[in-house]
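What follows is a single structure, written as structure tokens, with notes after it.
In the numbering used here, the protein residues as written are 134 to 388.
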């Protein structure tokens, strides 16, 4: 029997429209979605299905047109811009396809700067940063290098550390391996699997099947609605049946 999981985000009757001139396009349509603590949730769908928009709206990076997004009992849709910014800093971590590391700062300072926005004790932030860099196998010899001096895979792992520095409830990742080669993608996906196995909730948008295999829950969007869902066991590299289940599911989704 599946272990009971706590709800971390519950969105109801969620809509998101974009207006260009006189034309209004509905990207998310009357959606109900629940995100559970400790899950590795992947959002898939064809281009234009609303994947990234859903992630941005759930995280408070963008505002819903209507509906509710309840996070631990509070509806963040009603928050002011300032309150929403504080909410994101404290509760959400973000990893993007482009790393957005500050080029004139060392790797360790990139992370410490993000952590200092929440925790004012800089020495505590620095110690936490060092622990996280070790966890994702960034060698100490690299800590004081600049982003231009390391590989794309290393930069993305530093980006993951930055997303974790404030101990967020959820890490949101938008195509985090999209700009990486195959070997670097595997290393980054291993980090996501590792932090999820340790209890970190992850929501990842991807069009990549290899990335989707890491999830225990896959939500497929079509025309701004949930078209289908697949639940899997937690990732195990030796679970060869997993890929077959995903392939069958994606075939049903007409992917």
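Even glycine gets a Cβ: it sits at the ideal position worked out from N, Cα and C.
For the beta strand (DSSP E) that contains residue 360, what are its first and last residues? Element bounds for residue 360: 358-364.
Using alpha carbons as the reference points, say which of 212, 335, 381, 285 lies closest to residue 176. 335
Answer with buried or exposed for residue 261, where buried requires no fewer than 16 other C-beta atoms within 10 angstroms of its C-beta. buried
Since residue 162 contacts residue 139 with CB under 8 angstroms, what's their CB separation in whole angstroms? In fact, because the Cβ distance is near 27 angstroms, the residues do not count as touching under 8 angstroms.
Local conformation of residue 203 per DSSP, three classes: strand
Note down the Cα distance separating residue 267 from residue 157, rounded to an integer number of angstroms. 47 angstroms
To the nearest angstrom, report how far apart residue 197 and residue 150 are at their CA atoms. 8 angstroms
Per DSSP, the bridge partner or partners of residue 237: For residue 237, which the question treats as bridged, DSSP gives no partner whatsoever.
What residue range is occupied by the uninterrupted beta strand (DSSP E) comprising residue 288? No beta strand (DSSP E) contains residue 288, which is instead part of the alpha helix (DSSP H) from 285-297.
Can you name, in chain order, every residue of its own chain whose Cβ lies under 6 angstroms from the Cβ of residue 224, other than the five neighbours on each side? Excluding sequence neighbours, residue 224 sits near 301, 302.
Limits of the unbroken alpha helix (DSSP H) element including residue 377: For residue 377, the enclosing alpha helix (DSSP H) has its first and last residue at 374-385.
From the DSSP output, which residues share a beta bridge with residue 350? In the DSSP secondary-structure assignment, residue 350 is bridged to 174, 364.
Our contact map puts residue 234 next to residue 243 with C-beta atoms below 8 angstroms; I'd like the distance itself, whole angstroms only. 5 angstroms
Which value, in whole angstroms, describes the spacing of the CA atoms of residue 305 and residue 168? 12 angstroms
Hey, would you say residue 142 sits closer than 8 angstroms to residue 189, going by beta carbons? no
Tell me which residues share the same chain as residue 241 and place their Cβ nearer than 8 angstroms to its Cβ, disregarding the 5 neighbours each side in the sequence. Its chain contains 259, 262, 263, 266, 276, 277 as the residues whose beta carbon lies nearer than 8 angstroms to that of residue 241, once the 5 sequence neighbours on both sides are disregarded; these appear in chain order.
8 angstroms Cβ cutoff met for residue 173 and residue 193: no
Which residues share a DSSP beta bridge with residue 167? 143
Can you pull the DSSP bridge partners for residue 150? Its beta-bridge partners are 159.
Roughly how far, in whole angstroms, is the beta-carbon of residue 310 from the beta-carbon of residue 321, given that I think they are within contact range, below 8 angstroms? Taking 8 angstroms as the upper bound for CB-CB distance, residue 310 and residue 321 are in contact here, some 6 angstroms apart.
Which of helix, strand or coil does DSSP assign to residue 138? coil
Output the distance between the C-alpha atoms of residue 178 and residue 254, rounded to the nearest integer angstrom. 42 angstroms
Helix, strand or coil at residue 220 according to DSSP, with G and I counted as helix: helix
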